[in-house]
Each structure stands twice: as C-alpha cells, then as structure tokens.
Amino acid sequence: MTRPGHVLLFGFLACALTAAACGGSAPAEEEMEMEVDAGPAPPSAAAVAAANRLSSQLGDDIRLVPTVRGLAEIGYEQPTARRDGNFIVTRFRIVNLAENAIAGLQVDEFWFDSDGNTVTGDSVRFREPVMSGDVVDIELRVPRDPAMDRSNYEFSHQNGDIKATLFDEIEDPEEEEEAGEGNS
1246 MTRPGHVLLF GFLACALTAA ACGGSAPAEE EMEMEVDAGP APPSAAAVAA
1296 ANRLSSQLGD DIRLVPTVRG LAEIGYEQPT ARRDGNFIVT RFRIVNLAEN
1346 AIAGLQVDEF WFDSDGNTVT GDSVRFREPV MSGDVVDIEL RVPRDPAMDR
1396 SNYEFSHQNG DIKATLFDEI EDPEEEEEAG EGNS
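Residues 1246 to 1429, numbered by the working numbering, are exactly what the sequence shown covers, in order.
Spelled out as structure tokens, the structure:
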C-alpha cells in the first residue's frame, strides 16, 4: 500500500474505534433522571462484617461511632491564661458543633515574642472521639518566659481541619447520674 492508503486506513480505523467507544449519548431527559442523588450509599456487607468483627474484639463497653471527615465545626470560649509558679496555664472550653464525633481532636497553643518569633507552646490531643454536642475542658501548660507577648491557638483533627467559632459562654456539661443512684 502507498502512503495515502495507509493514512486513509488509519483514519477509518480511528473513526470506527471512536464511534464504538462513545456508543452515542442518552437523550437529555434520561440524563436528568440519572442525576438524582439518593444520599449516601449504604455500607457494603463486607464493611458491616468488618465492623462487627472489630466490635466483638474490642469488648461490650466499646461502641463504634461515625466521625467527621473533612471540615469539622467547634465552638470555644475565650481562653484565660494565668501564672502558676513557673508556668502559664491556659484554660478554656470547647463544644463539638459537628453532626458526628470528632476523632483525634488536637489543640495547639503557640506563644510569640514581640517580634513574632515562636517562644514556646503546648499541645493536647484527645484519644477518644469527642461526641456531637459534648463539652470538653482544655488545659495547656507552658513554661513561663519573659519574652512571651501573645499566643495563638490552632485546632485540628484526625480527618481534616476545624472551623472554630468564638462563643461568649459555653454552659457546663450536664452531669450523668451514675448507675444505681437516683431511683431507689
């Protein structure tokens, strides 16, 4: 075959493969019906079986809860810092405003000097998930340094970032009555 023959054969094959691969398109009305979102997909049978096996290994007092993936929302009170010996102790309260539990909540405090250089800091991380609506008290302790001028707080969690909102006041968490007390 000559060169123009090869070009024509190659062009014909390319068009045939493209037409076969595309397969045409559905009418616009059918496409609109296909785009209806039915919400999150139910968990697969394998995922449910794995969760059940894990639950049985952990024990009866442990329960698995869904956690926030991505951006989680919390509210926090204005931190109060006090001198306690050679330490600056910062205390404040946070509340989980997210729909699900927050796994691996971490609070970092950084102290800076007047030039903006980092002087010291502290961090606290919660090993157990902070359930939706739970109120948690935070205490951060840093060694006192005369160069300390101002502090900054950063919130994060295991599966993403935190959107923190400053509240004027967060109510005390309700105390749960212990089993055996109360109705006698």
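Every residue gets a Cβ at the ideal spot worked out from N, C-alpha and C, and that includes glycine.
Measuring alpha carbon to alpha carbon, tell me which of the options ends up nearest residue i.
{"i": "I1455", "options": "R1328, F1357, R1314", "result": "A question about residue 1455 goes unanswered here, because the residues of the chain that appear run from 1246 up to 1429."}
{"i": "T1363", "options": "N1341, L1350, Q1351, V1387", "result": "V1387"}
{"i": "S1368", "options": "D1360, S1359, Q1351, G1361", "result": "Q1351"}
{"i": "A1392", "options": "P1418, T1365, D1413", "result": "T1365"}
{"i": "D1329", "options": "E1384, T1410, P1249, T1247", "result": "E1384"}
Quick check on DSSP: helix, strand or coil for residue i?
{"i": "A1295", "result": "helix"}
{"i": "V1334", "result": "strand"}
{"i": "G1366", "result": "strand"}
{"i": "F1255", "result": "helix"}
{"i": "G1250", "result": "helix"}
{"i": "L1303", "result": "helix"}
{"i": "A1343", "result": "coil"}
{"i": "A1317", "result": "strand"}
{"i": "A1348", "result": "coil"}
{"i": "A1206", "result": "Residue coverage of the chain in this structure runs from 1246 to 1429, which leaves residue 1206 outside it and unanswerable."}
{"i": "N1404", "result": "coil"}
{"i": "S1396", "result": "strand"}
{"i": "E1354", "result": "strand"}
{"i": "V1375", "result": "strand"}
How many whole angstroms separate the CB atoms of residue i and residue j, which I take to be in contact at a CB cut-off of 8 angstroms?
{"i": "I1307", "j": "S1300", "result": "7 angstroms"}
{"i": "D1394", "j": "F1357", "result": "6 angstroms"}
Could you give the distance in angstroms between the alpha-carbon of residue i and the alpha-carbon of residue j?
{"i": "V1310", "j": "F1337", "result": "26 angstroms"}
{"i": "A1259", "j": "L1253", "result": "10 angstroms"}
{"i": "F1371", "j": "A1290", "result": "31 angstroms"}
{"i": "V1293", "j": "E1344", "result": "21 angstroms"}
{"i": "P1324", "j": "D1406", "result": "20 angstroms"}
{"i": "E1399", "j": "D1353", "result": "5 angstroms"}
{"i": "G1304", "j": "T1312", "result": "20 angstroms"}
{"i": "F1255", "j": "T1247", "result": "12 angstroms"}
{"i": "D1188", "j": "F1332", "result": "The structure shown does not extend to residue 1188, since the chain is modelled only from 1246 through 1429, so no value can be given for it."}
{"i": "D1360", "j": "R1298", "result": "55 angstroms"}
{"i": "E1373", "j": "A1295", "result": "20 angstroms"}
{"i": "F1412", "j": "P1287", "result": "36 angstroms"}
{"i": "P1249", "j": "F1257", "result": "12 angstroms"}
Go through its chain and collect everything with a Cβ distance to residue i's Cβ below 8 angstroms, but skip five positions before and after it.
{"i": "K1408", "result": "L1316, A1317, E1318, I1319"}
{"i": "I1415", "result": "G1320, Y1321, E1322, R1338, I1339, V1340, V1380"}
Closer than 7 angstroms by C-beta to residue i: which residues in its own chain qualify, once you throw out the five before and the five after it? Chain order, please.
{"i": "N1341", "result": "I1319, I1347, V1375, M1376, S1377, G1378, D1379"}
With a CB to CB cut of under 6 angstroms and the five nearest residues on each side skipped, what residues in its chain are close to residue i?
{"i": "D1382", "result": "R1338"}
{"i": "N1397", "result": "F1355"}
{"i": "G1349", "result": "H1402, Q1403"}
{"i": "V1334", "result": "R1327, R1386"}
{"i": "T1410", "result": "G1320"}
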